[in-house]
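Below: the structure, in structure tokens.
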Amino acid sequence: MIPILNNIMKAELAGVVRYTHYSLVITGPNRLPLVDFMKAQANESLLHAQQVGEILTGLGGHPEQGIATIEESHDHSLETVLKESIDHEHRALLLYKTLLKLSENNSVYL
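Numbering (this note's numbering), first residue to last: 4 to 113.
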């Protein structure tokens with residue numbers, strides 16, 4: 004359980020960096036609402052990382068320092084930013100699904 008929780012925490016922290024980066028590089032006529040959206044996503048990722056870290060330490064684990072790999076094309080068009088964001092969220096979802104399978108029928112406080 005501890006390794007998957009660490010991987011989830013690293014993925015969420017990568018989300019903080021990813022979405023903060025996007026909030027800085029987005030351009031165009033709809034920039035302001037998109038910046039606000041990306042900042043909100045970064046804040047949500049940080050909250051999730053903190054929540055997972057609390058569970059991890061509560062189970063006796065030690066949160067690893069680091070983040071998951073951030074793949075980026077360096078193409079900051081809205082379409083590419085959204086595609087990269089969706090890909091990131093899908094990878095995180097797979098980690099959460101793995102955690103769900105590991106915790107099924109187990110006595111844990113998740």
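Backbone N, C-alpha and C fix where the C-beta goes; we use that ideal spot for every residue, glycine too. Predicted, not measured: the structure shown is a model, and the values here were computed from it.
- Using a Cβ-Cβ distance cut-off of 8 Å, the segment 55-70 and the segment 5-18 are in contact, since at least three pairs of beta carbons, one from each stretch, lie closer than that value.
- Excluding sequence positions up to five before and after lysine 42, its CB lies within less than 8 Å of the CB of Tyr22, Thr23 and Ser26, all in the same chain and listed in chain order.
- The Cβ atoms of alanine 95 and glycine 31 do not sit closer than 8 Å to each other.
- For threonine 60, the enclosing alpha helix (DSSP H) stretches over residues 34-61.
- Pairing glutamate 74 with threonine 83, the inter-Cα distance amounts to about 12 Å.
- In terms of Cα proximity to serine 80, the closest of Glu15, Arg34, Met4 and Ala14 is Arg34.
- Glutamate 67 and isoleucine 5 have their C-alpha atoms spaced approximately 10 Å apart.
- Residue state for serine 88 is assigned as helix, using DSSP reduced to three classes.
- Here alanine 45 is not near leucine 98, since their CB atoms are 8 Å or more apart.
- The Cβ neighbour count for serine 48, taken over all protein chains shown within 10 Å, is at least 16; the residue is labelled buried.
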